[in-house]
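Protein chains in written order, with the numbering used here: chain A, 1 to 322; chain B, 1001 to 1322; chain C, 2001 to 2322; chain D, 3001 to 3322.
4 protein chains.
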Amino acid sequence: MSILKRKFNPEDDLGFGYQPVLKNQPLILQDGSINVKRKGLPFFRPYDNYNKLITMGWGKFWLLILCCYFTLNVIFAFIYLGIGVENLNGAEGHTAYEHFWDAFFFSAQTISTVGYGHISPRGMAANSVAALESMLGLLAFALATGLLYGRFSKPTAKIVYSKNLLVAPYLENNMGLMFRLANLRRNTLIDLEIEIIFSYNEDVNGKILRRFYQLELERKRVSLLTMNWTIVHPLDEKSPLKDMTQEDLKRTEASFSVLLKAFDDAFSQTVHSRTAYQHDDVVWGARFKPAFDRDENGRIVLDLSKISDFSETELPVKAEIA
Amino acid sequence: MSILKRKFNPEDDLGFGYQPVLKNQPLILQDGSINVKRKGLPFFRPYDNYNKLITMGWGKFWLLILCCYFTLNVIFAFIYLGIGVENLNGAEGHTAYEHFWDAFFFSAQTISTVGYGHISPRGMAANSVAALESMLGLLAFALATGLLYGRFSKPTAKIVYSKNLLVAPYLENNMGLMFRLANLRRNTLIDLEIEIIFSYNEDVNGKILRRFYQLELERKRVSLLTMNWTIVHPLDEKSPLKDMTQEDLKRTEASFSVLLKAFDDAFSQTVHSRTAYQHDDVVWGARFKPAFDRDENGRIVLDLSKISDFSETELPVKAEIA
Amino acid sequence: MSILKRKFNPEDDLGFGYQPVLKNQPLILQDGSINVKRKGLPFFRPYDNYNKLITMGWGKFWLLILCCYFTLNVIFAFIYLGIGVENLNGAEGHTAYEHFWDAFFFSAQTISTVGYGHISPRGMAANSVAALESMLGLLAFALATGLLYGRFSKPTAKIVYSKNLLVAPYLENNMGLMFRLANLRRNTLIDLEIEIIFSYNEDVNGKILRRFYQLELERKRVSLLTMNWTIVHPLDEKSPLKDMTQEDLKRTEASFSVLLKAFDDAFSQTVHSRTAYQHDDVVWGARFKPAFDRDENGRIVLDLSKISDFSETELPVKAEIA
Amino acid sequence: MSILKRKFNPEDDLGFGYQPVLKNQPLILQDGSINVKRKGLPFFRPYDNYNKLITMGWGKFWLLILCCYFTLNVIFAFIYLGIGVENLNGAEGHTAYEHFWDAFFFSAQTISTVGYGHISPRGMAANSVAALESMLGLLAFALATGLLYGRFSKPTAKIVYSKNLLVAPYLENNMGLMFRLANLRRNTLIDLEIEIIFSYNEDVNGKILRRFYQLELERKRVSLLTMNWTIVHPLDEKSPLKDMTQEDLKRTEASFSVLLKAFDDAFSQTVHSRTAYQHDDVVWGARFKPAFDRDENGRIVLDLSKISDFSETELPVKAEIA
């Protein structure tokens, strides 16, 4: 029986064990990020560089590029000064300050391979450094431009989810837990698959454990996302939520994690999107308003700003269950 | 029973609900695009830029590149003029007009890193701007060239579909709905999977609802597309089309959406192709002519221009069904 | 019954219909290419350019790059000549022939953005063309270098297959059709899946039709290819080959198409490999020799040159089947 | 029966046959590499170049780039010397040694397209070689920069596995073989699938054969790796390990190969990770210590340095099995 129960309760589904959620710190936040602090990592983690550079903000990224460019030029300026500024033909500065900037701008012209030539290297040392610098420049800029384009062309899903989970009438005399989503991008999403994991704290002989259930859905896959998609979990006898009230959800710090997978036609790649609903996002007795309209030609017009709109409604009395 | 019916009727398969099609505005057009207008989007959508730049026409793309190049040079030309054209060594213009073009062409030589050097920057300000511009030039051109190559190497399926859906004799005493496809590209398509979704308007107690059915196919997967492939939906007892006439299809604004998925050997990626047939694309009583021939060595010669060719034929009288 | 038979006979598995093979022109050749000539294609097929440029031979590719570079420079040389060679500062040629080469080399220095500057443009026209040329140069070289790297980094499986298909003793008192494969690359192949399609001509009431059977394999998937892999089709009662002799295979122009799919660890992509065996590649009564050895430390040494080696052996008399 | 046994014993699962492991030379090493020497390969293997260049160490890679750059410049220096150093305008060297370095640095300025212009080519021959060199330079640097970025952005899983396999108490009165893993990277891993293959030498009538078993797991897939994941193989009646002692594992040179597959959110690609445990990595009677903690807000803090920590414990006496 213990094994049976364990199978029905996939508590490792999110890689967590039985650990309860405390003080409203859910496992997954609304923006899809994971709410776990990590420590004990090695100090130097070169394998995270690419990830950091691809996911940091644009402002930070440009600043970093600028700083690297400036720093590299400063370093090479000092190297040229070390060799002697007299080895830079055409450098006309007279003071140490002017010498530095001559060397600095010569370095910038070399590293970007623009090479005007009004300043040019003379002698073995300066020529060698310049040859090396232009090579390094090409490689360094390849990293920078690769990252720039990688950031720009990174395949990411831009899914808009309804703000709330609704407990709505569903079929005849029944109820369902519902939310909606739509694609904010112009591209087409194909082969969408969705998974909802419901978790809550359970009191087992005084010990609080976290339980995880994958919710059964009316349909968990669509071939093509043309409009909005309403995902429905029927609140029938098989549902782990069937006897829960709004109070229960709050008390057990219930949360709903949503995992979406789709194929993106523009990027020709699989994209993922995540979100989470907490207990206070659930609205009991409501129904989504249609998010689309018809234009004069009968063509459907989808209004993405209405994706969260709902109206209150009465829920069926579940006579046959009670 | 209601649930059962719902399961047999996957009305969310295309992300549409029960909305009927009006005035011949099908969900998917023949070129595979989705016939839905979208509004309510945020005005500024940076996440759509890549998609737009990758999918816009080639003429528009080149024009955009040229405009950006021109505009950037104009901006930098004014910056150099602001600093003072006397800081550009070798600029020989005498009038304001000539000064502008000196600055403009110096900018172009800097941004493309060609740097002839007959004009070169002098002093802190001009040198700093030039150093910055060459860096920006490298990054901006990386975006442009990345997009150019991304457009050029974008994996897309070029599938040619037969113009019509045929209702043809199939096996002994039976009929099938058939269409053909072939690969227009030289590359090889592997692991092809096809899905046909049939939809029509149904009158349910005076309310018109759209019904969606995934049609059962003789085979929905082939390992390798070597020639043309004829997709067959048998019009047997299980088919939702079994009692429909040409009239019925027209009245209910029936349409057939075709979704194809394949692995492309040249791009090493999964590609998708879509098309749709409307009720007036269906030909009753016809049979595809062979699209291939033999050369003198017994080798098969596929003629892609014949992919839509059919000849009229008589349909079997469905005695046993009637 | 007809439908049943049809299901067991996946004649569309390779996208061919019932067409027999004539004069030893199998569907798939030994190198995995498809033996079908295509015609009726539109004359201008831009969508095939990438594919052609990626798959053409290296010699042809380099020649093409060189020709494009030369041609572009010739075109721009004539444009500069048209503008007047006096607008190229530093061009010292005196004859028309020398003028041309001055313009040509100035163009080469501009298009490659090397821009020495001993020749430099003067005046609006020459400067404009030079600015445009350096931009085009950056874009054109981006295509060339993208293709170069795309060709270099194209994920392709390099699988070595044994030259022959062996009919070998298998388990107790039974026989199997076997061949071997190994990875020629240093990389690791993961999640390998193999499919063998056996096809032959069948005489159905005087009409010759091609039949296709997917052969059942002892195992059609391995998690990891560490050494060589011997693929076995047991010649038991379920095999379509169970009553066939070497003569039958020849008469019916039998052929065996092999489709392999794997995940390549180095390229992080799925790769495919194909080959085909014809009836005269089948050896009756043979057994593969081990392709590996042990070194002094007990470590296994795989000898890829022995992958096709076999020794003759006696086949079991199939008493219980006869 | 023989076939049945064979099916239950997937001895080709790793592409190995029945070959026993000798002298502690397992098939897969702890770092996931495959312990097989390969020979009989063709001498010239261009298809392995990319793989080698992508996977070699960073030091070696930089050295290789530098050597190529140096060598190319030396070659072109000799070509320019062959043409005659008087064809390089601005080269001021007087001795053969100085001539060489003038030519060398001119080559470096050409190949990197920096082109200062204080040295510039004169005449057909020098100009032609320079034009060719700048083209080659662009292409060669494209390969170098492509490889650099390819290495930098290569999607690889950085999984930390616990150092030991534990035989731990599991559920009521039972035992399980357990190990843990966590993600060292900042990125998110989705759709993780794990496979463990247990192999050992078996004495079959005096002949030692290698047996392979895929171990059944409590769960072999998680949707999302948020924390650490403990993989459990229950040592119940179905386990091939159920009657084995620590002694048996050693005698039979038992080993456990772990194959992990996941989707990496940052790289948008599938990544793989492998490891292996040998018999002496198994600890009998131990239990993993929690690797995480709570901070003051109830948020979970994962300590990756504790992933291997365990404490000794007593194992249940398997009364009902004995």
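Note that CB positions come from ideal geometry on N, CA and C, so glycine has one too. As the structure is a computational prediction, the values presented were derived from the model and not from experiment.
Cβ-based burial, residue i [other Cβ within 10 Å; buried from 16]
i        : result
T245(A)  : exposed
M2316(C) : Sequence inspection shows Pro at residue 2316(C); the Met mentioned does not correspond to that position. It is exposed - the Cβ of P2316(C) has fewer than 16 other Cβ atoms within 10 Å.
G59(A)   : exposed
N2183(C) : buried
D295(A)  : exposed
T95(A)   : exposed
D1102(B) : buried
L1063(B) : exposed
Chain A within 7 Å of residue i, Cβ atoms only
i        : result
Q1269(B) : yes
I3190(D) : yes
D1048(B) : yes
F3105(D) : yes
T3145(D) : yes
Pair within 7 Å by beta-carbon distance, residue i and residue j
i        : j        : result
H1233(B) : L1215(B) : yes
A2266(C) : N3051(D) : yes
L3217(D) : L3147(D) : no
K3289(D) : H3272(D) : no
Y2161(C) : L2181(C) : yes
Q278(A)  : S308(A)  : no
A2077(C) : S2112(C) : no
N3087(D) : A3126(D) : yes
F3152(D) : I3231(D) : no
R219(A)  : G32(A)   : no
I1028(B) : A1276(B) : yes
Distance, residue j Cα to residue i Cα
i        : j        : result
C2067(C) : V2074(C) : 10 Å
V1204(B) : L1166(B) : 29 Å
P3010(D) : N3174(D) : Caution applies to P3010(D), whose pLDDT of 41 falls short of 50 and renders its modelled position unreliable; the model cannot decide the point.
I3034(D) : L2304(C) : 16 Å
T3270(D) : R1221(B) : 24 Å
K2306(C) : D264(A)  : 45 Å
R325(A)  : T226(A)  : Residue 325(A) lies beyond the residue range present for chain A, which begins at 1 and ends at 322; the question has no answer from this structure.
E2193(C) : S2257(C) : 14 Å
S2239(C) : L3143(D) : 50 Å
I1196(B) : E1172(B) : 24 Å
Beta carbon proximity, residue i to chain C, threshold 7 Å
i        : result
P3155(D) : yes
R1185(B) : yes
G150(A)  : no
T3252(D) : no
Contact with chain B by residue i, beta-carbon distance below 7 Å
i        : result
G3117(D) : yes
Y69(A)   : yes
M227(A)  : yes
S1996(C) : Outside the modelled stretch of chain C, which goes from 2001 to 2322, sits residue 1996(C), for which no answer is possible.
P10(A)   : In this prediction, P10(A) scores a pLDDT of 40, lower than 50, which makes its location untrustworthy; the coordinate-derived value is nonetheless stated afterwards. Judged by the 7 Å Cβ criterion, P10(A) is not in contact with chain B.
S305(A)  : yes
A266(A)  : yes
G168(A)  : Here residue 168(A) is Ala; the residue named in the question, Gly, does not match the sequence. It does not: the Cβ of A168(A) has no partner Cβ on chain B nearer than 7 Å.
Cβ-heavy atom distance, residue i to the ligand MN, below 6 Å
i        : result
A3131(D) : Questions concerning the ligand MN fall outside what the structure shown contains, since it holds no ligand whatsoever.
Proximity test, Cβ basis, 7 Å: residue i and chain D
i        : result
Q25(A)   : yes
S2223(C) : yes
K2220(C) : no
Contact set between the segment 3272-3302 of chain D and chain A, restricted to residues whose Cβ is under 7 Å from the partner: R3294, D3295, N3297, G3298, R3299, I3300, V3301 and L3302
Can you give me, in chain order, the residues of the segment 1194-1216 of chain B that have a beta carbon less than 8 Å from any beta carbon in chain A? E1195 and I1197
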